[in-house]
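Inspection log for the structure reproduced underneath, given as structure tokens.
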Amino acid sequence: MVLHWQKALDHHWGIDATLSGLDGEYDLNFKADSGHVLKVMRPGCDAAFIDMQTGAIDAARKADTTLPLPDVIPTKSGALFTEITDETGEIRLCWVLSLVAGRPWADFLPHTDTLIHGLGAQNAQLTLALSGFEHSELHRDFKWDLMKAAWVKNDLQVIENVSRRRLISEICSGFDAAFPVLQTLPKSAIHNDLNDYNILVSGNLTTSPHISGLIDFGDMCAGPRIVDLAITAAYVVLGDVDAEKALVSLIQGYHSVSPLTPQEIDLLWPLLKMRLAVSVVNSTLMAVENPDDPYVTISQAPAWAFLENHGVNEGLINARLRAACNLPVVDGADRVMTWLASERGNFASVMGDDLKDAPIGSLSVEACTTPQNPFDMPISEAAYVGREYEEDDGAGSYKTWLGNYNEPRLVYTDHAFRKGPFKASDRRTVHLAIDAFAPAGRKLLAPYDGEVFCAEYRAGHLDYGGVIILKHETPDGDNFYTLYGHLNPEFLDRLNIGDKVAKGDAFCELGDPTQNGGWAPHVHFQLALSTDGMGEDWPGVGDPDEMFLWERLCPNPAMLMNLDDDYARWEPTDKSQVQADREAYFGKNLKLSYSNPAMLVRGWKHHMFDEWGRPYLDAYNNVPHVGHAHPRIQAVAADQLKRMNSNTRYLHPAQVAFAEKIRSKLPDPLNVCFFVNSGTEANELALRLSRAASGAKGMVTPNHGYHGNTTGAIDISAYKFNAKGGVGQADWVELVDVADDYKGSYKRDDPQAAQKYANLIDDAIISLQEKGHGVAGFIAETFPSVGGQIIPPKGYLPAVYDKIRAAGGICIADEVQTGLGRLGDYYFAFEHQGAVPDIVVLGKPIGNGHPLGVVITTREIADKFAEGPEYFSTFGGSTLSCRMGKEVLDIVDDEGLQENAQARGGELMTGLESLMSKHEVIGDIRGMGLFIGVELVTDRDTKEPATDAASYVINRLREHRILTGREGPNDNILKIRPPLTIDAEDIDMLIGVMDKVLNEVTCLMR
Ligand SMILES: Cc1ncc(COP(=O)(O)O)c(C=O)c1O
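Numbered by the numbering used here, the letters in the sequence shown go through residues 23 to 1028 in order.
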């Protein structure tokens, strides 16, 4: 059969190509290796139907050459389609299209906001390009014309499940309600079926996904353009997406090309649901006709899943979509805002006093450190929040002070403020009101005439306590609403729903913390232009990524307080400005992580927060070893700085206390300490110690190691001296292969691997001796970290140390990354190896962010060094540093953090193993405790590094608010090393999100 059509293709179109079959419901479709598609229509197909499609594609193609449409390839005689007799003698209408690149939307991941926005834009472009096209077939009667979707009502009984039938019936009622408006809209040619198989997407790990094809014009008809968009929308919301976000991106994309009216936007949601209703009713009818075809039922599943549990606030959806297009959230919203602005200055003062000069107090993420724990604010903090802003009024009280609108705050710690199950899930942080803080009992006046819409007591911790909503009407008859939260509930005895409150009436008073949800006395004063979707339970704070909606629905109430709009309005620091300044002020090789850098202004344990209060799970930073902003660290720092901060020229018990604590963790004979300011300085000192003790200069070190950024430390850091533009290898340094038993010369299945890697030292020693440098020592990150989170085979270090010592050298263990309990099973990595070094270097985590490094060595080596000049480091061993370092070590013990590293590390490895069994791109997982590497490869056999995949993964994890990094000579090893406080739920989040992102990687690498 294929041969017959190959010949026909050549004969009629002059295309000499090999054909292969494509899927098609009724027709024959062939893919030609010349980059074409031959479409052979079913016998009896109406020529007008093909004429419509070829004509429409051709017209759209000409109208907008940027659209990703196929070309209709004319026959040799110039026709867009032709009749050809098939092998059975039947006449078939045939046409040829150019093949469009890409994969169907349904098979493509990820559906990013940018991709969805692009789809909306292309949808609009297509409708515009088709707008001049006319054809009689556009007006045919068929079941997929959404204007005629009422047929569904006659077939409802086919749905046996009663609740599903009721659901579809309700959707039909919604459609009926929308129909009169729909009917008034102008109609033009629309694609009418941009479903998830008719949209093609291209993209890979380095090229962002984009729409590369819009195909299949077989369901075209004449209809309102919003119908076309609603159909696209019906498929975009299916599957694992945030439907509200997806709809916002889609409509913004459409609106950016072809502005929609509010009236059209209000139709999107009922039409979207109706399209899905048509789809499920249709496929249920088909299932009745084809009871043995399970696919029919399976294909319905995503649509039912969406309709039954769509996670969309239906009351707010129109406001959300209108706001996304920068249009008034409700009809009349603009009029209300104009009237409020014109009345500014005439409203009664809510607080009873003039707020014109009221002080402002910021509770923002950036300006305020309350609450200490952004996941749990106790009553003791809430009752005093903002106390630092209370200004004496000279009469034994304080002046009313204001809290800002649009201010991201961390005070909203309850689970109700999270949008997902995890601490780093989206979180509502941005204040949608102005607060006025004044003593409890202060009477509040109604700014304008209104009636009571809600008067309640909400008893929950950090809820409103007493709350009143007033409904107002402008002289033009438009409504708006004002909310007063944190009140004394005494009004419950007086005020009833519907009661009138006149402008200037003292209608309620501020509650004290026992009455107002537990807060310092204040009123939360919020304006809303509609209560749809909110009722009486308004969100007082919004998600920072949804302020496009909240700024329009609950605008700044400054006007009602007779204040200028920017008087009590917060603007977080502009991240892009900070980045621009940074580029201007610093060197270019000061690198930022991530293609979309994060600006982080607060931390708590293993989470960090950006300027908008968005939480991030910190699975990367090992410096905050015992957690960000640890209260004991804060307390020690503050306490010591209150006293004094001096140096090691004077005696202080903190110096010896710190040294004693370190010595207690180390085996003999490691018992002499030197305190410095950084890992780098510690390694510099270790280098000097080894030279002093050995009398030699040469050093042996594994390849791709890192020990610091100074001249000497760089010389022993192949990661830097061999990097592009690096200083190159000094002749007193010898490199040996990293004992990498995954990719190196000797693998895990080789029982001799440890000894074989150690034997590589022999040549290095000989070389240094031949060059006359002798062997001062060997330095290694005990478990190479920048080299790729590598755990050398057991026994490697003892064998190396034996050889080095036999050559007169000193053995240095750089435990900056691995020490202090991170490994769970061991306090130091050298314990795993069964080796005792001569010098141990500690850095970063030991100060938990305070600059601190420590070198510990033997008395013998220290004495040799002491034969030289005095040793002094001004800040090394400062009183503050000693107290900080000791506190960190104590916290690790007191809070069982080594044990936590062991338990959480085990869970992480189990989770990663399950990911490895699903995702081919994971070549290896390795590590210990909370020191873990995940090596990504393009091929598990060749172990070819998947560098682009690793870059993609860390950037996508960052978008999902998880901080990780990547390392290794090819930057293909994901690095996971969180603060030791990480919890089991955070591990679940990390594994769950990695799974999603790796699914995307699989798709993008195909
Ligand atoms: C193993 C190792 N040693 C030394 C250093 C240098 O420490 P610092 O940056 O504190 O000077 C680092 C820093 O990343 C390190 O990872």
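All residues carry an ideal CB built from backbone N, CA and C; glycine is no exception.
Using the three-state DSSP reduction, which class does T932 fall into: helix, strand or coil?
The residue labelled residue 932 in the question sits at position 910 within the sequence shown. Correct three-state label for T932: helix.
Under 8 Å: do the segment 469-481 and the segment 451-460 share three or more Cβ pairs, one atom per stretch?
No, because fewer than three Cβ pairs between the segment 469-481 and the segment 451-460 fall closer than 8 Å, the two stretches do not touch.
Determine the burial state of H437: buried for a count of at least 16 other Cβ atoms within 10 Å of its Cβ, exposed for fewer.
Locating residue 437 in the sequence shown gives position 415, counting from the first residue. Exposed: under 16 other Cβ atoms inside 10 Å.
Could you give the residue range of the alpha helix (DSSP H) that holds Q777?
Mapped onto the sequence shown, residue 777 falls at position 755. Start and end: A775 to E792.
Where E365 and G261 are concerned, what is the direct C-alpha to C-alpha distance, given to the nearest angstrom?
Taking the sequence shown and counting its residues from 1, one reaches residue 365 at position 343. Taking the sequence shown and counting its residues from 1, one reaches residue 261 at position 239. Distance between the alpha carbons of E365 and G261: 48 Å.
Between G507 and ligand 1, is the CB less than 8 Å from at least one heavy atom?
Position 485 of the sequence shown, counting from 1, holds the residue named residue 507. It does not: the Cβ of G507 is nowhere closer than 8 Å to a heavy atom of ligand 1.
Reducing DSSP to helix, strand and coil, say where C904 ends up.
Numbered from its first residue, the sequence shown carries residue 904 at position 882. In the structure shown, C904 sits in a helix (DSSP, three-state: H, G or I).
Give a yes or no on whether the C-beta atoms belonging to E989 and Y764 are separated by under 9 Å.
In the sequence shown, counting from the first residue as 1, residue 989 sits at position 967. In the sequence shown, counting from the first residue as 1, residue 764 sits at position 742. Not closer than 9 Å, so no.
Hey, would you say F164 sits closer than 9 Å to P231, going by beta carbons?
Here residue 164 is taken as the residue at index 142 of the sequence shown, counted from 1. Here residue 231 is taken as the residue at index 209 of the sequence shown, counted from 1. Not closer than 9 Å, so no.
May I ask you to check if the CB of Y638 is nearer than 8 Å to at least one heavy atom of ligand 1?
Numbered from 1 along the sequence shown, position 616 holds the residue referred to as residue 638. For ligand 1, not one heavy atom lies less than 8 Å from the Cβ of Y638.
Please tell me whether, using a cut-off of 8 Å, the distance from the CB of G890 to the nearest non-hydrogen atom of ligand 1 is below it.
Locating residue 890 in the sequence shown gives position 868, counting from the first residue. For ligand 1, not one heavy atom lies less than 8 Å from the Cβ of G890.
What's the gap between the Cα of H687 and the Cα of G701?
For the purposes of this step, residue 687 is taken as the residue at position 665 of the sequence shown. For the purposes of this step, residue 701 is taken as the residue at position 679 of the sequence shown. Just to set this straight, residue 687 is Lys in the shown sequence, not His. Using only the alpha carbons, I get a separation of about 19 Å.
Measure the CB-CB distance between N669 and F887 and report whether it falls below 9 Å.
Within the sequence shown, residue 669 is the residue found at index 647, counting from 1. Within the sequence shown, residue 887 is the residue found at index 865, counting from 1. Against a cut-off of 9 Å, the Cβ pair of F887 and N669 comes out as no contact.
For the candidate residues K441, Y411, C833 and I382, whose alpha-carbon lies nearest to that of E429?
Taking the first residue of the sequence shown as 1, we reach residue 429 at position 407. Closest option to E429, Cα to Cα, is I382.
Confirm the yes/no value for this check: CB of E989, any heavy atom of ligand 1, distance under 8 Å.
Taking the first residue of the sequence shown as 1, we reach residue 989 at position 967. No - ligand 1 has no heavy atom lying nearer than 8 Å to the Cβ of E989.
For the segment 431-448 against the segment 530-539, are there 3 or more C-beta pairs whose distance is under 8 Å?
Taking 8 Å as the limit for Cβ pairs, the verdict is that the segment 530-539 does not touch the segment 431-448.
So does K53 have its beta carbon nearer than 8 Å to some heavy atom of ligand 1?
The count along the sequence shown starts at 1 and reaches residue 53 at position 31. Result no, Cβ not under 8 Å from ligand 1.
State the DSSP-derived secondary structure class of E1007, mapped to helix, strand or coil.
As a working mapping, residue 1007 is identified with position 985 in the sequence shown. In the structure shown, E1007 sits in a helix (DSSP, three-state: H, G or I).
Measure the CB-CB distance between A740 and A761 and report whether it falls below 9 Å.
Position 718 of the sequence shown, counted from the start, is the residue given in the question as residue 740. Position 739 of the sequence shown, counted from the start, is the residue given in the question as residue 761. No. Outside cutoff.
So, helix, strand or coil for D640, using DSSP?
As a working mapping, residue 640 is identified with position 618 in the sequence shown. Looking at D640 - three-state DSSP - the assignment turns out to be strand.
Taking M242 as the reference, give the member of A780, C576 and H213 with the closest Cα.
Counting from 1 along the sequence shown, the entry for residue 242 is found at position 220. M242 has its Cα closest to that of H213, out of A780, C576 and H213.
What's the call for P281, buried or exposed, on a 16-neighbour Cβ count within 10 Å?
Mapped onto the sequence shown, residue 281 falls at position 259. Answer is exposed; the Cβ neighbour count stays below 16.
To which residues of the same chain is E921 closer than 8 Å at the C-beta, ignoring the five residues directly before and after it?
Within the sequence shown, numbered from 1, the residue matching residue 921 stands at position 899. If we look at E921 and ignore the five residues flanking it on each side, its Cβ neighbours are G846.
When we look at the beta-carbon of Y411 and count the other beta-carbons within 10 Å, is it buried (16 or more) or exposed?
If you number the sequence shown from 1, residue 411 lands on position 389. With 16 or more Cβ atoms within 10 Å of its Cβ, Y411 is classed as buried.
Count the other CB atoms, across all protein chains shown, that sit within 10 Å of the CB of P689; report buried if there are 16 or more and exposed otherwise.
Locating residue 689 in the sequence shown gives position 667, counting from the first residue. P689 is exposed by the Cβ-count criterion.
As a quick exercise: from G734, P773 and L790, pick the residue whose alpha carbon is nearest that of V758.
For the purposes of this step, residue 758 is identified with residue 736 of the sequence shown, where counting begins at 1. V758 has its Cα closest to that of L790, out of G734, P773 and L790.
Put D946 into one of helix, strand or coil per three-state DSSP.
Here the question's residue 946 lines up with position 924 in the sequence shown. Reduced to three states, the DSSP call for D946 is strand.
Exposed or buried, which one is W27 when buried takes at least 16 other CB atoms within 10 Å?
In the sequence shown, counting from the first residue as 1, residue 27 sits at position 5. Classification for W27: buried.
Nearest-angstrom Cα distance between K295 and L329?
Within the sequence shown, numbered from 1, the residue matching residue 295 stands at position 273. Within the sequence shown, numbered from 1, the residue matching residue 329 stands at position 307. Computed Cα separation, rounded: 7 Å.
Leaving aside the five residues before and after T960 along the sequence, list all residues of the same chain whose C-beta is less than 6 Å from its C-beta, in chain order.
Taking the first residue of the sequence shown as position 1, residue 960 is located at position 938. The answer, listed in chain order, is E966 and A968.
Need the endpoints of the alpha helix (DSSP H) that I193 sits in, please.
For the purposes of this step, residue 193 is taken as the residue at position 171 of the sequence shown. Segment V184 to T206, the alpha helix (DSSP H) holding I193.
For a test of the three-state rule: what should DSSP assign to V249, helix, strand or coil?
Locating residue 249 in the sequence shown gives position 227, where the first residue counts as 1. The answer is helix: DSSP assigns V249 an H, G or I state.
Is the beta carbon of Y642 less than 9 Å from the beta carbon of I998?
Walking along the sequence shown from the start, residue 642 turns up at place 620. Walking along the sequence shown from the start, residue 998 turns up at place 976. Their beta carbons are under 9 Å apart, which means Y642 touches I998 by this criterion.
Ligand 1 and H729: does any heavy atom of the ligand fall closer than 8 Å to the residue's C-beta?
Stepping through the sequence shown from its first residue, residue 729 is reached at position 707. Correct: H729 has its Cβ closer than 8 Å to ligand 1.
With 16 other CB atoms within 10 Å as the buried threshold, where does H872 fall?
Here residue 872 refers to the residue found at position 850 of the sequence shown. Flag for H872 reads buried.
How would you write the range of the alpha helix (DSSP H) that I273 sits in, first residue to last?
In the sequence shown, residue 273 corresponds to position 251, counting from 1. A265 to V279 is the extent of the alpha helix (DSSP H) around I273.
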